[in-house]
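Here the structure is laid out as structure tokens; the discussion comes afterwards.
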Amino acid sequence: MAEKGYWPEFQLNVSEWSIFKARLANYFEANGVAEDKKKRSILLNALDEEAYRLNFSHFSPATPEEKTYVEVVEALDNHFKRGSCPFAERFKFYEATKRKSEGPTEWAARIRRLALGCEFGGILDTVLGDKFICGYERGQC
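Read in our numbering, the sequence shown has 301 at position 36, and its numbers run on one by one without any break.
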């Protein structure tokens, strides 16, 4: 049976874990992947080196290959929980700059996602507009 769908590599500092995890679950469903070992192997293979190293460190001295799929996912879930500190989230938000590979739509979506934990309240739209312009090209604002 030919595989249905694909997903890109999970890049630790680029990809969003919750989106990647949902897409991976869809891939498993579309391809009838139910066996724990196979799910774990597919997930571990999809992690970039930094993400794999993070997972490896979490389980040391054991290895991720010795854990169940659920244990590996739970470790990643715990690592990627959105911080509860708005100041830390705002730092990430204000430090972000548009990537060369991002178009305006992708850049706008990324800063909107980064603003989720910032608690901007009623000034959200103003802050998003300012960040869209000021983060578009570093040093141009």
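In this text, a Cβ means the ideal position worked out from N, Cα and C, and glycines have one as well.
In terms of Cα proximity to Lys363, the closest of Leu289, Asp301, Glu402 is Glu402. Linking Tyr359 to Lys396 through their CA atoms gives a straight-line distance of about 7 Å. Fewer than three beta-carbon pairs drawn from the segment 366-380 and the segment 297-315 are found closer than 8 Å, and the two stretches are therefore not classed as touching. Taken in chain order, the complete alpha helix (DSSP H) segments of 4 or more residues contained in the segment 312-337 are 314-324. For Arg378, the enclosing alpha helix (DSSP H) covers residues 369-379. Going by beta carbons, Asn320 and Pro329 fall inside the 8 Å limit. Within the same chain, Trp272 come within 7 Å of Arg288 by CB-CB distance, once the 5 residues on both sides are set aside.
For Lys396, the uninterrupted alpha helix (DSSP H) segment begins and ends at 389-399.
DSSP places Phe352 in the uninterrupted alpha helix (DSSP H) bounded by 351-360. As DSSP reads the structure, Phe285 sits in no beta bridge. Assigned with DSSP and collapsed to three states, Phe275 falls in strand.
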